[in-house]
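So the structure is just underneath, and the comments pick up after that.
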């Protein structure tokens, strides 16, 4: 059989037709930066880089598969995925596995964390709902949307897992907002949050006393907020993470200490240096210049995702791509904020940088779904 170069090139183009090249390139660059930083952070933890490389290969395969699935097909999975996810969360609440004081896992033959599924299933479900209601959207449809969102958020927060609950809430809220929720309704909530933060900061000496109980919050969540306001109140305990991360970031200076030369990381001062606090390792070694480059890459990722969302062929596609793109912003903002000491410490990874197969797979699925929306538009034009 004669080799025809043009035929094989055409077949290769068809295979990767679903890939949005600017989006894929940006993700690839972030993963490269992540691997370089992870190598430095895990010099004393052999095998982590190899594991992450396997995770990356799997993630790109999954991304490619989902990029080639039409959004109309994705809509069919919205209700089943959401329903299964809620059922699993209820299962966790009833007979889940408890680790380190949190009940977040369940054994269904293999041990899984259902809350990760809801990071995708919740915006998928909400986008499906508003697509169905597109021609006759009423005010009460937004109440239904919040009800759909409140169920997984409440179950996840009860585990307790405030970080994941916040991510699921943000992804769902973006769908509701993009569907037409007026900003005038959101503004009072934001004002209330700002006033609450100001009051906590003003009266922290009184309300952060051990005998004071905060409503709707666990003690460890209260401690995180109080430690954020004054890390030196517990420098060897709750404040240790924040203090050491801020020292690492500041010691990097304009250009950093150089790759593999970060003292805070290699002398074991930075906790969780390969997962939640990998930004501190990166900043110490690459400095402000490296941080600016990283922020530019995240900006490009978000800008491209929003471009795909704005040009989506259907309301479902626009809502899904828009909410998942803004979820990347939430991930990056919360992680960098907590490592920099301006937000409480929560378990939120840095997108495509932090070590971990589950988080990377979730992010890869999100990118694949955004690419699917972009591919549908391109096919309609051709």
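Residue numbers (UniProt numbering): 1 to 382. Beta carbons are placed, not taken as given, at the ideal position from N, Cα and C, and that holds for glycine.
**Message:** Alpha carbons only, please: which of 327, 319, 89 is nearest the one belonging to residue 117?
**Reply:** 89
**Bridge partner(s) assigned by DSSP for residue 383** = The displayed coordinates of the chain run from 1 to 382. Any statement about residue 383 would go beyond what the structure contains.
**Request:** Since I believe residue 283 is in contact with residue 249 (beta carbons under 8 Å), could you give me their beta-carbon distance rounded to a whole number of angstroms?
**Result:** 4 Å
**Item:** Contact the segment 137–147 vs the segment 188–200: 3+ CB pairs below 8 Å
**Value:** no
**Item:** Integer Cβ distance of residue 321 from residue 309, believed to fall under 8 Å
**Value:** 4 Å
**Request:** Measuring alpha carbon to alpha carbon, tell me which of 113, 148, 368 ends up nearest residue 82.
**Result:** 148
**Item:** Beta-carbon gap between residue 369 and residue 66 smaller than 8 Å
**Value:** yes
**Asked** So, is residue 1 buried or exposed, given that buried needs 16 or more other C-beta atoms within 10 angstroms?
**Response** For residue 1, the predicted structure reports a pLDDT of 45, less than 50, and the residue's modelled location is therefore unreliable. A value from the coordinates is still provided. It is exposed - the Cβ of residue 1 has fewer than 16 other Cβ atoms within 10 Å.
**Request:** Measure the beta-carbon distance from residue 170 to residue 330 and round it to whole angstroms, keeping in mind my assumption that it falls under 8 Å.
**Result:** 4 Å
**Message:** I want to check one thing, is the minimum distance from the CB of residue 136 to the heavy atoms of the ligand GDP below 7 Å?
**Reply:** Absence of the ligand GDP is noted for the structure shown, with no ligands found whatsoever.
**Asked** How do the segment 341–348 and the segment 36–45 stand: do at least 3 beta-carbon pairs fall below 8 Å, yes or no?
**Response** no
**Item:** Exposure of residue 104, with buried meaning 16 or more beta-carbon neighbours within 10 Å
**Value:** buried
**Message:** Does residue 182 pass the burial test, meaning 16 or more other C-beta atoms within 10 Å, or should it be called exposed?
**Reply:** exposed
**Request:** For residue 111, write down the residues that DSSP places opposite it in a beta bridge.
**Result:** 107
**Asked** To the nearest angstrom, how far is it from the Cα of residue 254 to the Cα of residue 317?
**Response** 41 Å
**Prompt:** Is the segment 60–78 touching the segment 290–302 in the sense that three or more CB pairs, one from each, lie closer than 8 Å?
**Reply:** no
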